[in-house]
Amino acid sequence: MNTRAYAALAAKENLVPFEFDRREVGPHDVALQILYAGICHSDIHQTRNEWGGSIFPMVPGHEIAGTVAKVGAQVTQFKVGDKAGVGCFVDSCRTCPSCKENDEQYCEGQLVSTYNSVERDGKTPTYGGYSTQFVVDEDFALKISSKLSLDKIAPLLCAGITTYSPLRHWKVKKGDRVGVLGLGGLGHMAVKLAAAM
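Each residue of the sequence shown is one higher than the one before, starting from 2 at the first, in the numbering used here.
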């Protein structure tokens with residue numbers, strides 16, 4: 002599927018218009034029309050190759066929110082028109098102990114990032130959400146309530162979950178004291194979530 006995007010063609014270069022072909026929708030895939038993509042600071046680090054290992058051309062973006070445009074024949078969790086999101090990962094080996102325990106983020110086989118990674122075939126680059134559409138296995142997409150505003154949901158798919166997870170892990174509840182170091186992109190999200198809990 003022909004897809005329009007913004008890409009960094011080399012380290013430290015500005016993003017420019019870029020076109021590429023997304024894979025066709027497979028039996029377990031959903032295709033999203035991307036309506037919003039958050040800007041995470043890691044996108045900047047990756048496009049500047051500040052952490053090393055960047056793959057160019059690079060279409061960043063891993064806080065993706067949109068509507069389902071097409072579903073594969075065996076998809077059970079989504080239908081066309083649903084709101085959906087995609088976060089930092091789009092596939093894993095699904096067979097290692099971590100994957101079997103629903104901790105795919107600790108995949109010991111092959112964790113596939115939303116961008117700056119390669120598909121499980123070991124050669125096809127992944128391109129992120131600074132694009133018009135996205136194809137992903139339904140197990141790595143999140144269903145979003147039709148009552149929620151997608152522009153506010155997109156940042157929750159990285160910054161939100163990164164700060165929500167430890168709050169849940171440590172069972173933070175009303176009346177608990179929570180320390181947050183720094184009030185940047187993650188910090189301000191942590192304050193809002195802790196206050197809501």
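Virtual Cβ for every residue (Gly too), placed ideally from N, Cα, C.
The model shown is predicted, which means the values in this text are computed figures rather than measured ones.
Beta-carbon contacts of residue i that lie in its chain and below 6 Å, excluding the five residues immediately before and after
{"i": "A9", "result": "L16, T48, M59"}
{"i": "L143", "result": "G86"}
{"i": "R24", "result": "V136"}
Beta carbon of residue i nearer than 8 Å to that of residue j
{"i": "G188", "j": "H42", "result": "no"}
{"i": "Y37", "j": "A155", "result": "yes"}
{"i": "G39", "j": "E20", "result": "no"}
{"i": "Q134", "j": "I35", "result": "yes"}
{"i": "A85", "j": "L149", "result": "no"}
{"i": "P61", "j": "Y131", "result": "yes"}
{"i": "M190", "j": "T164", "result": "yes"}
{"i": "H29", "j": "V76", "result": "yes"}
Where the alpha helix (DSSP H) containing residue i begins and where it ends
{"i": "P1", "result": "The requested residue 1 does not occur in the structure, where the chain is confined to residues 2 to 198."}
{"i": "G188", "result": "186 to 197"}
{"i": "L33", "result": "Here L33 belongs to no alpha helix (DSSP H); instead the beta strand (DSSP E) covers 30 to 38."}
{"i": "I45", "result": "42 to 48"}
Per DSSP, cross-strand counterpart(s) of residue i
{"i": "Y7", "result": "P18"}
{"i": "M59", "result": "A9"}
Same chain, Cβ closer than 7 Å to residue i, neighbours up to 5 away in sequence not counted
{"i": "N3", "result": "E20, D22"}
{"i": "P126", "result": "I56, V119"}
Of all the alpha helix (DSSP H) runs that stay within the bounds of the stretch 94 to 181, which reach a length of 4 or more residues?
-> 98 to 101, 151 to 154, 160 to 170
Which runs of the beta strand (DSSP E) spanning at least 3 residues fall entirely within the stretch 66 to 98, listed in chain order?
-> 84 to 87, 90 to 92
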